[in-house]
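Here the sequence shown stands for residues 37 to 415, where the numbers follow this note's numbering. From the three backbone atoms N, C-alpha and C, an ideal C-beta is built for every residue, glycine too. Here's the structure we're looking at; comments come further down.
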Amino acid sequence: MRLSDDQRDMFEMAKAFGLERIAPFARDWEASGTIPKPLWQELAALGFGGLYVSEDHGGSGLSRADGVVIFEALSMSCPAVAAFLPIHNMCGGMIDRFGSEAARQKWLPELCAMTKVFSYCLTEPGSGSDAAALKTRAQRDEGGWRLDGTKAFISGGGYSDAYIVMARSGGDGPAGISALIVEDGAPGLSFGGLEDKIGWRAQPTRQVELQDCQIPLDHLLGEEGRGFSYAMAGLDGGRLNIAACALGGAQSALEGTLRYMGDRSAFGRTLDQFQALQFRLADMEVKLCTARVFLREAALKLDEGAPDASKYCAMAKLYVTDVCFEVANDCLQLHGGYGYLADYGIEKIVRDLRVHQILEGTNEIMRLIIARQMLADRG
Numbered sequence: 037m038r039l040s041d042d043q044r045d046m047f048e049m050a051k052a053f054g055l056e057r058i059a060p061f062a063r064d065w066e067a068s069g070t071i072p073k074p075l076w077q078e079l080a081a082l083g084f085g086g087l088y089v090s091e092d093h094g095g096s097g098l099s100r101a102d103g104v105v106i107f108e109a110l111s112m113s114c115p116a117v118a119a120f121l122p123i124h125n126m127c128g129g130m131i132d133r134f135g136s137e138a139a140r141q142k143w144l145p146e147l148c149a150m151t152k153v154f155s156y157c158l159t160e161p162g163s164g165s166d167a168a169a170l171k172t173r174a175q176r177d178e179g180g181w182r183l184d185g186t187k188a189f190i191s192g193g194g195y196s197d198a199y200i201v202m203a204r205s206g207g208d209g210p211a212g213i214s215a216l217i218v219e220d221g222a223p224g225l226s227f228g229g230l231e232d233k234i235g236w237r238a239q240p241t242r243q244v245e246l247q248d249c250q251i252p253l254d255h256l257l258g259e260e261g262r263g264f265s266y267a268m269a270g271l272d273g274g275r276l277n278i279a280a281c282a283l284g285g286a287q288s289a290l291e292g293t294l295r296y297m298g299d300r301s302a303f304g305r306t307l308d309q310f311q312a313l314q315f316r317l318a319d320m321e322v323k324l325c326t327a328r329v330f331l332r333e334a335a336l337k338l339d340e341g342a343p344d345a346s347k348y349c350a351m352a353k354l355y356v357t358d359v360c361f362e363v364a365n366d367c368l369q370l371h372g373g374y375g376y377l378a379d380y381g382i383e384k385i386v387r388d389l390r391v392h393q394i395l396e397g398t399n400e401i402m403r404l405i406i407a408r409q410m411l412a413d414r415g
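Structure (structure tokens):
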């Protein structure tokens, strides 16, 4: 898929922003375990705060095909920082698509400006891949909702300003789940300790704990009992975004490796003059180019509402994240001992990209989605 002129401009703008405003600080932010919030408002000024929000509500009104281009470019500077932005944008897309007009007017202006940063709460300690088994409860009471439960592995937990929480307002199964918006500071909202992770260390990750948490009635997003369908609709795009972030990280690793191999000498010549190592470079280039084509095709299918869009999103997420981790790991190997040092930046990319094979549905679950659709299509 060839990029349009607008998409090329988006890519270059996002890449330039990342090189200037993210890359020089990425290691410091990883060490401190947080991302300065003013960064998000700078990104919002570029139109990146409400990518999938309609222009009528202050967003950019962009497509999924546009989004994967932007996230790949930003991730070339730091996958951990860049990957937080799709979470916020997924929330914006859900509000714009499924919320009432009153909800759009209430939430979207601050969301698009990123003066209010959003996180997404689906996973629980006892329900990861089996998301429909979630236990968090939402009950109506006088003048509002009361939420009780715990959400796990929440990017932005204790950092974000608002959370879209999937909670059970009805019976068992997907039809009993609703989506509700909980603002930071709501009575009964608290957070667990900062999770100590292998990668994505710049993103604060905590449990979100809801104990008799009180929110107004109008914080229900869309219709009661439709939350799980909203969540699944959001995950198709989320899978593309997480794949795009892996692609940007792996591309950065490959470019760094090319530079290193031109500088590093062994046995009287630079590493890039050894034919066996040239073959490995060629293999990595092929992997990333095929991953990029596949990802953009899946994004186009999602934009067009193709009947096989969900299968393609799962395939792209599976293939791209697996391939990109392989490439990053091979880049580390080609650096030898230096690849293991933080100074070269490769070990961080390897650590950051590992979780992309788990997020937004593990790659094992992607295989289930693909195979089940194949069997259903067989007739």
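Exposure label - residue i; buried when at least 16 CB within 10 Å
i           : result
residue 110 : buried
residue 223 : exposed
residue 234 : exposed
residue 273 : buried
residue 189 : buried
residue 410 : exposed
residue 199 : buried
residue 303 : exposed
residue 325 : exposed
residue 162 : exposed
residue 48  : exposed
residue 315 : exposed
residue 204 : buried
residue 378 : exposed
residue 407 : exposed
residue 195 : buried
residue 242 : buried
Residue i and residue j closer than 8 Å at C-beta
i           : j           : result
residue 105 : residue 46  : yes
residue 159 : residue 246 : no
residue 215 : residue 258 : yes
residue 107 : residue 281 : yes
residue 131 : residue 156 : no
residue 179 : residue 253 : yes
residue 332 : residue 101 : yes
residue 116 : residue 275 : no
residue 94  : residue 148 : yes
residue 397 : residue 271 : yes
residue 67  : residue 113 : no
residue 209 : residue 168 : yes
residue 359 : residue 323 : yes
residue 43  : residue 151 : no
residue 278 : residue 139 : no
residue 356 : residue 335 : no
residue 292 : residue 221 : no
residue 329 : residue 364 : no
residue 417 : residue 57  : The first residue shown for the chain is 37 and the last is 415, placing residue 417 beyond what the model contains.
Start-to-end residues for the beta strand (DSSP E) that takes in residue i
i           : result
residue 204 : 198–204
residue 218 : 213–219
residue 427 : Residue 427 falls outside the range modelled here, since the chain spans only 37 to 415, and no answer is possible.
residue 250 : 241–252
residue 227 : 225–227
Endpoints, alpha helix (DSSP H) assigned at residue i
i           : result
residue 78  : 74–81
residue 271 : 263–299
residue 101 : 100–111
residue 55  : 41–57
residue 377 : Premise fails: residue 377 is in no alpha helix (DSSP H) and is neither H nor E.
residue 416 : Summary: the structure shown does not reach residue 416, with the chain confined to residues 37 through 415, and so no result is reported for it.
residue 344 : First-last for residue 344: undefined, no H or E at that position.
residue 126 : 120–134
residue 96  : No alpha helix (DSSP H) contains residue 96, which DSSP labels as neither H nor E.
residue 142 : 137–149
residue 67  : 62–68
residue 384 : 382–390
Bridge partners - residue i, DSSP secondary structure assignment
i           : result
residue 422 : The question about residue 422 has no answer here: the residues shown for the chain are numbered 37 through 415.
residue 13  : Because the chain is modelled from 37 through 415, residue 13 falls outside the range shown and cannot be assessed.
residue 302 : 305
residue 185 : 246
residue 190 : 242
residue 256 : 216
residue 154 : 198
Three-pair Cβ contact test at 8 Å for the segment 359–378 versus the segment 336–351
Cβ pair count under 8 Å is below three, so no.
I want to know whether the segment 260–267 touches the segment 191–198 - three or more CB-CB distances under 8 Å.
No, the segment 260–267 does not touch the segment 191–198.
The segment 336–346 contacting the segment 306–322, beta-carbon criterion three pairs below 8 Å
no
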